[in-house]
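Its first residue numbered 17, the sequence shown is counted upward by one per residue in the working numbering.
Ideal Cβ positions, reconstructed from N, Cα and C, are used throughout, including at glycine.
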Amino acid sequence: MHQAGAHTIEYLGATFLKNDPDWGKNILYFGPMGCRTGFYVIIKTIFGAEEIRKLIEEMCEYILNFNGDIPSVTPKECGNFSSHNLELAKCYVNNYLSELRKEFHCEYPKSE
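Have a look at this one:
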């Protein structure tokens, strides 16, 4: 992923997750992997895979429907404030969401 698209997903995804009335208190972190091939979400309470899939889908819809100024993107709040691209972020999220709706794996296989 290009930095500008990933950076925008990071800001909008974290905004959505941390402000969600049901999940916000359980979200510890949402941010990109160092290699920019995906994102980590760290949740402090155990939830089932289907609950997490639904949350991620809602986050994706939030990003796809977002218009306006990206929160906290000012020189004072963001050291890389000029590296954002909402349209590219929406493209990445749209592609991911179509795959998420086809197949979702979020649980380790149970060992015998």
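Measure the C-alpha to C-alpha separation of residue i and residue j and round it to an integer number of angstroms.
i, j, result
"I59", "A65", "12 Å"
"I43", "K34", "6 Å"
"V109", "D36", "19 Å"
"D85", "S127", "47 Å"
"M17", "N101", "12 Å"
"N81", "P87", "14 Å"
"T90", "R69", "31 Å"
Can you tell me whether residue i is buried or exposed? The criterion is at least 16 other CB atoms within 10 Å of its CB, across all chains shown.
i, result
"I62", "exposed"
"K106", "buried"
"Y56", "exposed"
"Y45", "exposed"
"C76", "buried"
"G29", "buried"
Among the residues of its own chain, which have a CB less than 7 Å from the CB of residue i, if the five just before and after it don't count?
i, result
"S99", "Q19, A20 and H23"
"F97", "V89, T90 and P91"
"T31", "P87"
"L71", "W39"
"C94", "S88"
How far does the beta strand (DSSP E) with residue i in it reach, from first residue to last?
i, result
"G47", "I43 to P48"
"F82", "Note, F82: premise wrong, no beta strand (DSSP E); not H, not E."
"V89", "Taken as a continuous stretch (DSSP letters only), V89 belongs to no beta strand (DSSP E), as it is neither H nor E."
Can you list, in chain order, the residues of its chain with a C-beta nearer than 8 Å to that of residue i? Leave out the 5 residues immediately preceding and following it.
i, result
"E73", "L113, L116 and R117"
"L104", "H18, A20, G21 and T24"
Going along the chain, which residues of its own chain have a beta-carbon closer than 6 Å to the beta-carbon of residue i, five neighbours each way excluded?
i, result
"P48", "A22, E26 and F55"
Could you pull the start and end residues of the alpha helix (DSSP H) that residue i belongs to?
i, result
"F32", "Q19 to N35"
"N101", "Unbroken run through N101: none, as it is neither H nor E."
Using 7 Å as the limit for Cβ to Cβ distance, is residue i near chain B?
i, result
"G84", "No chain B is present in this structure, which holds just one protein chain."
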